[in-house]
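Reading through the structure tokens given below for one structure.
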């Protein structure tokens, strides 16, 4: 059995701007609070973020492969690897699809996460992603507010 969750949030910006927000390392650092972000924006590329005091003191790393890349409307991430502490890394079977749909007043960012098959060992992590994406939506909103013309 698969496990799936969908979250979405409207934004008053163009799909092109939203896609830039999702794929530009300096912007990702701003809205997500990561200390480092690296994006090789292409199919087969990587989407990586890290937190810590510096490159020699990394506390937590998210690393994904970009499975599909269709700017400015869709990016599919998979092959997630999470590294933190001594009980990690974990490699997941979770995919994260980021869909940017145009609307009259801007766009909607839809996040679809799916675990195929569902992995009980990842249930807490999977459930925590809901709060994580809600915080990310707020971070993106704050970034847009503070950077209205970028």
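Residue numbers (this note's numbering): 352 to 501.
Backbone N, C-alpha and C fix where the C-beta goes; we use that ideal spot for every residue, glycine too.
Buried or exposed by the 16-neighbour rule on C-beta atoms within 10 Å, applied to residue i
| i | result |
| --- | --- |
| residue 481 | exposed |
| residue 363 | exposed |
| residue 384 | exposed |
| residue 428 | buried |
| residue 479 | exposed |
| residue 466 | buried |
| residue 456 | exposed |
| residue 355 | exposed |
| residue 487 | buried |
| residue 500 | exposed |
| residue 366 | buried |
Residue j beta carbon less than 7 Å from that of residue i
| i | j | result |
| --- | --- | --- |
| residue 447 | residue 464 | yes |
| residue 473 | residue 360 | no |
| residue 458 | residue 369 | yes |
| residue 433 | residue 445 | no |
| residue 381 | residue 411 | no |
Whole-angstrom distance between residue j and residue i, CA atom to CA atom
| i | j | result |
| --- | --- | --- |
| residue 358 | residue 449 | 10 Å |
| residue 393 | residue 418 | 8 Å |
| residue 375 | residue 453 | 20 Å |
| residue 377 | residue 475 | 29 Å |
| residue 386 | residue 398 | 14 Å |
Practice prompt. Take every Cβ of the region 390–406, pair it with every Cβ of the region 482–494, and state whether three or more of those distances are shorter than 8 Å.
Written response: The region 390–406 is not in contact with the region 482–494.
Worksheet item: Could you give the uninterrupted runs of the beta strand (DSSP E) lying entirely in the region 376–408, keeping only those of 3 residues or more?
Response: Complete beta strand (DSSP E) runs here, min 3: 387–390, 397–403.
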